[in-house]
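**Student:**
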Amino acid sequence: MAGLLSITEPTENINNSIIADNIKSDSDFFTNTMQAPTAPIIGSREQIAELFDLPLMDLLLQAQTIHRQHFKANEVQISTLLSIKTGNCPEDCGYCSQSGHHRDKTKLEAEKRIDVDKVIAAAKRAKATGSSRFCMGAAWKHPSAKDMPYVVELIKEVKELGLETCMTLGMLNPDQATQLADAGLDYYNHNLDTSRRYYEQVVSTRSYDDRLNTLDNVRNSGINVCSGNIVGMGESRDDRIDWVHELLKMPKAPESIPVNLLVPIAGTPIGDKVLAEGGLSVLEWIRTIAVTRICCPSSYVRLSAGRESLSDAEQSLAFMAGANSFFYGDKLLTTGNASQSGDDRLMRELGLTKQFAAPRAPKLLPVLDAVSGHESQMVLAD
Ligand code: SF4
19 MAGLLSITEP TENINNSIIA DNIKSDSDFF TNTMQAPTAP IIGSREQIAE LFDLPLMDLL
79 LQAQTIHRQH FKANEVQIST LLSIKTGNCP EDCGYCSQSG HHRDKTKLEA EKRIDVDKVI
139 AAAKRAKATG SSRFCMGAAW KHPSAKDMPY VVELIKEVKE LGLETCMTLG MLNPDQATQL
199 ADAGLDYYNH NLDTSRRYYE QVVSTRSYDD RLNTLDNVRN SGINVCSGNI VGMGESRDDR
259 IDWVHELLKM PKAPESIPVN LLVPIAGTPI GDKVLAEGGL SVLEWIRTIA VTRICCPSSY
319 VRLSAGRESL SDAEQSLAFM AGANSFFYGD KLLTTGNASQ SGDDRLMREL GLTKQFAAPR
379 APKLLPVLDA VSGHESQMVL AD
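Oh and the sequence shown: position 365 is 383 in our numbering, straight run, nothing missing.
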């Protein structure tokens, strides 16, 4: 059988040299075992732009090949997202129905913090249906001092169920990030949304640097970083290139990267504009997923908002492009999602399996032998 490298051998242009650098051999392509994460090979803005310009099939082939070098093939991680405080957000994100700035037009009904018991019940349902991670989102600029004990309790209770935890609560200072880390939070989501240049078209109540500062605080606390984008907000391809470049400029690429396709919501400034002028081609969203997979090979690339409007074939292309995570359940924070039964059927048809949550590390108790003075650790039973 012809080697994959032969696809790249006849030409000498830089695009194909990127492919040749990344595709090691035929055997890599068919390897289904997990390999140790490696640093991104792509680093410069020019290289990212060249990837975006590749013929789509070349791009998909490269993305799927790199995906299989870093993750088990045909396995997807599934998360469930719950809004723990909805609406009346003081930020003015131009795409979001939860912003208090767009409330008069979107008519979204705000909800106060929901009770811990209700969150735990939702987490149990999520686990029973196969989710390995439970994500909790609150429409805050940042958590207040009185919110912190509530979110700390949620993290501890959800982790007790054997689920990974993720939160998205707005901006965090270093102390708040440490409190969440100490409670055992696994992931913190804080999307960059788009390029630094386009960001001011999206939100005016905070800056790109505010966003990066929170991501730094999360990274420094030891919590895994989840940070993605929203494509189709009227940004250019240059903005999508710059967003990928921002990920690569971080000390470490986010462990989880949601690539959202805008769900245009009537009554929001960006939603109204996209509804009037038309949205982005789905294939450009697929390209963005593939480039993200190639540039951040050991990150989970997540399909998030926008899936409900896509056909089976379009979603299949997204998995081909290297996406290996998605949200399960009929609702995201406030927008609809693909139906769970539809997801189960599609996974069966594609031969995809669910990844289970990593087992929790055992609790260790330091023990000091009074006679010998020797220190050791005892494993506590759950
Ligand atoms: S995206 Fe988040 S921060 Fe922005 S308005 Fe919506 S809830 Fe608030």
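Where a beta carbon is used, it is the ideal one built from N, C-alpha and C, also for glycine.
Counting C-beta neighbours from all protein chains within 10 Å, is the total for E109 16 or more, i.e. buried, or is it exposed?
**Tutor:** buried
**Student:** Looking at L172: is its Cβ nearer than 8 Å to the Cβ of A140?
**Tutor:** no
**Student:** Return helix, strand or coil for M166, following the three-state DSSP convention.
**Tutor:** helix
**Student:** Taking just the CA atoms, how far does R255 sit from G202?
**Tutor:** 38 Å
**Student:** Straight-line CA distance for A296 to G252?
**Tutor:** Before going further, note that residue 296 is Gly rather than Ala in the sequence given. As the crow flies, the alpha-carbon of G296 is around 9 Å from that of G252.
**Student:** Please confirm if the stretch 235–243 is in contact with the stretch 270–284, defined as three or more CB-CB distances below 8 Å between the two stretches.
**Tutor:** Judged by Cβ distances under 8 Å, the stretch 235–243 makes contact with the stretch 270–284, as three or more pairs qualify.
**Student:** Give the straight-line distance between the Cα atoms of I132 and L179, rounded to the nearest whole angstrom.
**Tutor:** Between I132 and L179, the C-alpha separation is close to 19 Å.
**Student:** If you run the structure through DSSP and keep just helix, strand and coil, what is Y205?
**Tutor:** strand
**Student:** Between which two residues does the beta strand (DSSP E) harbouring N342 extend?
**Tutor:** No beta strand (DSSP E) holds N342; DSSP gives it neither H nor E.
**Student:** So which residues put a beta carbon under 6 Å from any heavy atom of ligand 1, going in chain order?
**Tutor:** C107, E109, C111, C114, Q116, S117, A157, G188
**Student:** For G105, does the three-state DSSP call read helix, strand or coil?
**Tutor:** coil
**Student:** Determine the contact status of V319 and V277, defining contact as a CB-CB distance below 8 Å.
**Tutor:** yes
**Student:** Which same chain residues end up closer than 6 Å to I283 when comparing Cβ atoms and leaving out the 5 residues on each side of it in sequence?
**Tutor:** S115, G289
**Student:** With I412 as the anchor, note down where its beta strand (DSSP E) starts and where it stops.
**Tutor:** A question about residue 412 goes unanswered here, because the residues of the chain that appear run from 19 up to 400.
**Student:** In this structure, does DSSP put T98 in helix, strand or coil?
**Tutor:** strand
**Student:** For R151, which of helix, strand or coil comes out of DSSP?
**Tutor:** strand
**Student:** Between S343 and L265, what straight-line distance do the alpha-carbon atoms span, to the nearest angstrom?
**Tutor:** 18 Å
**Student:** Would you call the CB atoms of I66 and H263 closer than 8 Å?
**Tutor:** yes
**Student:** Just to confirm the assignment, what range does the beta strand (DSSP E) spanning D116 have?
**Tutor:** Sequence check: residue 116 is Gln here, not Asp. Element bounds for Q116: n/a, residue is neither H nor E.
**Student:** Only counting the same chain, and skipping five residues up and downstream in sequence, which positions put a Cβ closer than 6 Å to that of K177?
**Tutor:** T183, G202
**Student:** Check whether the stretch 66–76 touches the stretch 116–124, taking contact to mean three or more Cβ pairs, one atom from each stretch, closer than 8 Å.
**Tutor:** no
**Student:** Mind checking S301: buried by the 16 CB within 10 Å criterion, or exposed?
**Tutor:** At residue 301 the sequence reads Leu, which differs from the Ser that was named. Exposed.
**Student:** In angstroms, rounded to a whole number, what distance separates the CA positions of G285 and Q87?
**Tutor:** In a straight line, the C-alpha of G285 is about 44 Å away from that of Q87.
**Student:** Fully enclosed by the stretch 264–329, which beta strand (DSSP E) runs are 3 residues long or longer?
**Tutor:** 274–279, 318–321
**Student:** Where does F374 land, buried or exposed, given buried means 16+ other C-beta within 10 angstroms?
**Tutor:** By the neighbour-count rule (16 or more Cβ atoms within 10 Å), F374 is not buried but exposed.
**Student:** Which of helix, strand or coil does DSSP assign to K372?
**Tutor:** strand
**Student:** Going by the CB atoms, is the gap between S97 and R151 shorter than 8 Å?
**Tutor:** Taking 8 Å as the cut-off, the beta carbon of R151 is found closer than this to the beta carbon of S97.
**Student:** Going straight from the alpha carbon of L210 to that of S359, what length do you get?
**Tutor:** 31 Å
**Student:** Which word fits P161, buried or exposed, when buried means at least 16 other C-beta atoms lie within 10 angstroms of its C-beta?
**Tutor:** Buried, by the Cβ-count rule.
**Student:** Look at the alpha carbon of L190 and the alpha carbon of G250, and state the distance between them as a whole number of angstroms.
**Tutor:** 27 Å
**Student:** Can you tell me whether D133 is helix, strand or coil according to DSSP?
**Tutor:** Note: D133 maps to coil in three-state DSSP.
**Student:** Measuring CA to CA, which of E68, L364, D361, S317 is closest to K90?
**Tutor:** S317
**Student:** Quick one: residues in its chain with C-beta nearer than 8 Å to the C-beta of D257, no 5 flanking neighbours on either side, listed in chain order?
**Tutor:** Same-chain partners within the cutoff: T212, S213, R215, Y216.
**Student:** Excluding the five sequence neighbours on either side, which residues of its own chain have a C-beta within less than 8 Å of the C-beta of L181, listed in chain order?
**Tutor:** A141, A144, K145, S149, S150, R151, F152, A375
**Student:** On the three-state DSSP scale, how would you describe I248?
**Tutor:** strand
**Student:** Using C-beta distances below 8 Å, list every residue in its chain close to D165, excluding the 5 sequence neighbours before and after it, in chain order.
**Tutor:** R131, A156, W158, L187
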